[in-house]
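Chemist: Residue numbers (this note's numbering): -12 to 122. My questions will all concern the structure given below.
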């Protein structure tokens, strides 16, 4: 069975809404053999069932807000996003990009390519800019 290795990185941030310190998923890297692609949590919007394994891998390792579909007033649409662990405020791509300077590897797990991980990796590799969700 072909596997995709999922490397989840998190970073501490101060919530723009409540001011509390929280952590967000700053980036994710998917690898299959010698092929890999970085992505962000918003790229999971078309693959929402793959969010739960990421949540599970992070459980008990770092305090992050829920990873879920949230509506962005700025974009006038919903997408999978990070949220504050204290007030659930949406953290968009702008925060993720700046948080990457302080990111750490928080979890790594192997998943079956047949469970949708292979399709996500292939879609990322085929995209023009390496992302599936565009702001």
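Ideal placement from N, C-alpha and C gives every residue a C-beta, glycine not left out. As the structure is a prediction and not an experimental result, all values here were calculated from the model.
Using 7 Å as the threshold, is the C-beta distance between residue 52 and residue 71 below it?
Modeler: yes
Chemist: Terminal residues of the continuous beta strand (DSSP E) containing residue 58?
Modeler: 55 to 59
Chemist: In three-state DSSP terms, what is residue 29?
Modeler: helix
Chemist: What's the C-alpha gap between residue 39 and residue 54?
Modeler: 8 Å
Chemist: Compute the Euclidean distance between the alpha carbons of residue 20 and residue 14, then round it to the nearest angstrom.
Modeler: 20 Å
Chemist: Pull up the CB-CB distance for residue 17 and residue 108, whole angstroms please, since I reckon it's below 8 Å.
Modeler: 4 Å
Chemist: Got a sec, what are the start and stop residues for the beta strand (DSSP E) residue 8 sits in?
Modeler: For residue 8, the enclosing beta strand (DSSP E) covers residues 8 to 19.
Chemist: In terms of residues, what are the limits of the beta strand (DSSP E) holding residue 79?
Modeler: No beta strand (DSSP E) holds residue 79; DSSP gives it neither H nor E.
Chemist: Let's see if you can read the secondary structure: which residues bound the alpha helix (DSSP H) around residue 44?
Modeler: 38 to 45
Chemist: Between 50, 63, 64, 85, which lies nearest to residue 74 when the distance is taken from Cα to Cα?
Modeler: 50
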